[in-house]
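A short write-up of the structure that comes next.
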Amino acid sequence: MSIETSAHSPLVADLARRFQEPPWLVQRRERAFVLYASMPSPKLEETDLRNRPWVVESIPSATTGGAGAAAQALLEGAKAAGGAYVYVRDGVTIETSLPRTLAEQGVVLLDLHTAIDQHPERVRRYLYSVVPAEESKWAALNAALWHGGIFVHVPSGVRVNSPIHFIYEETMAGKGGLPRSLVVVEDRASLSFAEAYLCHGERQEGVVHSAVTELVVGADANVTAACLSRYGKGPTNFFTRRAKLADNASVDWVIGDVSDGFTVGLVESRLEGPGSKSTTRGFGLGYGRQRLDFTASMDHFGHHSASDITLLGVLRGRANSTYRSSTHIERGADEASSEQHDRMLMLGSRARADAIPMLLIDENDVQRCGHAASVGRIDENQVYYLMARGIPRAEAERMIIWGYLQPLVDVLPVEPWRNEVASWIDGELN
Amino acid sequence: MSSPVLTIEDLRVSVEDKEIVKGLSLQIKGGEIHAVMGPNGTGKSTLASALMGHPAYSVTSGRVTLDGEDVLTMSVDERARAGLFLAMQYPAEVSGVSNANFLRTALNARRGEGNELPVIKFHRLLQQKMKDLNIDPSFAERYLNEGFSGGEKKRNEILQMSLLEPKIAILDEIDSGLDIDALKLVADAVNQLRSPQTGFLIITHYQRLLQYIVPDYVHVMMQGRIVKSGDKTLAEYLEANGYDTLKRELGIVDETVGAEA
């Protein structure tokens, strides 16, 4: 079991030694570890974590074997789409590549350990500023023991035209995996990045995968963040992705999950600046005995901030998913507007889906705030219509499901990634 | 290619345990156009849906064969691939599936594995058929029936029919909601397909459509069965005299299903 209540965790000490970390970081890690150890494994509204194990073991310093098929495909896609990427396997950075044209414009793409060496002040300023250790046991665990992270910095006014790719892959040797991405996009800059969590082969039961993405977006800056996950059975998976938006900034999240793991995930935009706006388009295909508790959240602080959430879940087998879309209009966020659309499609009688729309409005002057949610099965009239034109049932169902998924898959900014996700979905629907 | 034959023998159909079609027999051969007329609620559309195999309609007795093959044991898609086509009164809308993708999948399903039409050839064929039906080219990339007007949906049904070249085409109230220009286009498409290789069953309230598609046989349905058959002059007679005259002649007070007692 986990190393409990030690204020001086040997795991933190090990990382500090291995990466020659500065004292400020070691202190942050130590504090986070204490928090992690002291926080209970909670019972969430829809998901009981009280009996989930938290096996946290020594952190591997090497990984063996080559990239799995999915990682290969995404790597090739990354190379074809401009060649800016980082590939991390089992917490070990395998490859970092940044085209010279981007480096010349001052764009930084490094693994997070190297970034702490080379850009200590910048990293120190932003690390933990968007996802603090205090917010959850799994955020604390990541804050304490993250390794194999990625750092991106885009200077003011620089527009990065082709996406930057983060590929995190995990095998049995990774023992869970605690990746952390820190992305800082300065004023008037723009960036599109694509991040994938993949697993290859069997994974260890009881370990915890907790991934964190912190995104800092300056005034008038635009970011598209495409995040894919393909979790397998075994560990408890957590992801916490949050963006902080300054004045008139925009962030478009595209979240895709094709999994049969046990996952609790959050994607959130903090719309701090006036005129900031954010969209989240999420799709998921759960199968096997998948359990997903996913929250897409928009937290409005800024005047005239706007958000839109569209979630689509497709469930088959004994998959059981909760999709929560949450909008909070804080006091002072006058003239804010938000929309939510959730749609759940269950295939077969043993799958289960919940769509939970949440609106918390503390401001009187709100422009519009709407939500629509539906949970259902495939429309038999549609199936009949396609069959009446000679299309067999299985193919008719696949066409209808793709009809829902395609528009969301199509917004992924990298074509080879779109094709890869399409092949995952096809593979699980067949 | 031999001429097809659809044979319906003493067909009985129920919906939610209520018998709607009550012993109907009809034979349609390639090259023939049969019109089934009759007021609302007499079982015409039920006949059409049951022939196609809609799951809400259960055939309780009778036989239906297409070229000697038992249609009733076939699934809906098997019936379609065997050559049965139903132009529906209320076609489903399917978001996210483009018309072109749907039509190509349907056409290739009908043509069978190993005999699929190459993509370029398909698009050429589709463009031509759309032009014939005066359908805007943007139609191909729109989602299947989504946001289509009533008339566009009907034209889409006819487009599918002319692409799939069925052995037996059933048109269920294809004329409803169509203006006179659209009606003529639909009639042209049917007349173009008219050959010994295709038989038609046209279900309609009104004689109007039959001015443009001249039927070989006209059948009147009341109370779930055919009560009178004739040639095209029967349709003209009904248009001139209404169904009431026929009802009096046959001693029927209420023509709707379930009112015959």
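Chains as they are written, first to last, in the numbering used here: chain H, 1 to 430; chain F, 1001 to 1261. Each residue gets a CB set at the ideal place from its N, CA and C atoms; glycine is no exception.
- Contact between S250 (chain H) and S229 (chain H) fails: their C-beta atoms lie close to 23 Å from each other, not under 8 Å.
- The shortest CA-to-CA distance from M1130 (chain F) to any of F:Y1243, F:G1083 and F:E1152 is the one to F:E1152.
- Rounded to the nearest whole angstrom, the CA to CA distance from D220 (chain H) to G174 (chain H) is 39 Å.
- Between F166 (chain H) and the set H:Q406, H:A84 and H:G68, the nearest pair of CA atoms involves H:A84.
- Taken through DSSP and simplified to helix, strand or coil, R1142 (chain F) comes out as coil.
- Under the Cβ criterion (8 Å, minimum of three pairs), the stretch 222 to 239 of chain H counts as touching the stretch 178 to 198 of chain H.
- Comparing alpha-carbon positions, the option among H:V108, H:S181 and H:A140 lying closest to P155 (chain H) turns out to be H:V108.
- In the structure shown, L178 (chain H) falls within a coil segment according to DSSP collapsed to helix, strand and coil.
- By the neighbour-count criterion, in which 16 or more other beta carbons inside 10 Å mark a residue as buried, N1040 (chain F) falls on the exposed side.
- For D342 (chain H), the closest Cβ of chain F is not nearer than 9 Å.
- The C-beta of E395 (chain H) comes closer than 9 Å to at least one C-beta of chain F.
- Secondary structure note for W402 (chain H): its alpha helix (DSSP H) is the uninterrupted segment R393 to V409.
- Neighbours of R389 (chain H) in chain F, taken as residues at a C-beta separation under 9 Å, are given in chain order as D1077, A1080, F1085, F1102, L1103, T1105, A1106, L1107, A1109, R1110, Q1160 and L1164.
- For M1088 (chain F), the nearest CB of chain H lies under 9 Å from its own CB, placing it at the interface with that chain.
- Shown here for G77 (chain H): same chain residues with a beta carbon closer than 6 Å to its own, the five before and five after excluded, namely V414, P416 and W417 in chain order.
- For P1004 (chain F), the closest alpha carbon among the candidates F:I1028, F:G1147, F:E1093 and F:N1134 is that of F:I1028.
- Here Q1160 (chain F) is not near A1082 (chain F), since their CB atoms are 9 Å or more apart.
- The beta carbon of R393 (chain H) is closer than 8 Å to those of V383 and M387 in its chain, skipping five residues each way along the sequence.
- Contact between L1026 (chain F) and G1062 (chain F) does not hold, since their C-beta atoms are separated by about 11 Å, which reaches or exceeds 8 Å.
- Neighbourhood of P1004 (chain F) in chain H, by CB distance below 7 Å: empty, with the nearest CB roughly 16 Å away.
- Only those residues of the stretch 1023 to 1052 of chain F whose C-beta falls short of 8 Å from the nearest C-beta of chain H are listed: M1052.
- Per DSSP, reduced to three states, the secondary structure at Q340 (chain H) is strand.
- Counting along the chain, M39 (chain H) sits inside no alpha helix (DSSP H), nor does DSSP assign it H or E at all.
- Under the DSSP definition of a beta bridge, Q1027 (chain F) partners with F:T1007.
- A distance below 6 Å between beta-carbons, with the five flanking residues on each side excluded, links A16 (chain H) to the following residues of its chain, in chain order: V26.
- When the alpha-carbon of V131 (chain H) is set against those of H:P42, H:M298 and H:L182, the nearest one is in H:L182.
- Neighbours of N381 (chain H) in chain F, taken as residues at a C-beta separation under 8 Å, are given in chain order as A1092.
- In the three-state scheme derived from DSSP, where H, G and I count as helix and E and B as strand, S1162 (chain F) is classed as helix.
- Secondary structure of V1119 (chain F) (DSSP, three-state): helix.
- Interface annotation, M346 (chain H): not in contact with chain F, CB-CB separation never under 9 Å.
- Considering only F:K1018, F:T1233, F:E1146 and F:N1145, the residue with the shortest C-alpha distance to M1037 (chain F) is F:T1233.
- In the three-state reduction of the DSSP assignment, H113 (chain H) falls in the helix class, which pools H, G and I.
- Taking a cut-off of 8 Å for Cβ pairs, the stretch 201 to 209 of chain H and the stretch 52 to 69 of chain H touch, as three or more such pairs fall below it.
- Closer than 8 Å at the C-beta level to chain F, one finds these residues of the stretch 393 to 418 of chain H: R393, E395, A396, M399, I400, W402, G403, Y404, L405, Q406 and P407.
- Interface residue (Cβ-Cβ distance to chain F less than 9 Å): L386 (chain H) is classified as such.
- When the Cα atoms are used, P23 (chain H) and L145 (chain H) turn out to be separated by approximately 15 Å.
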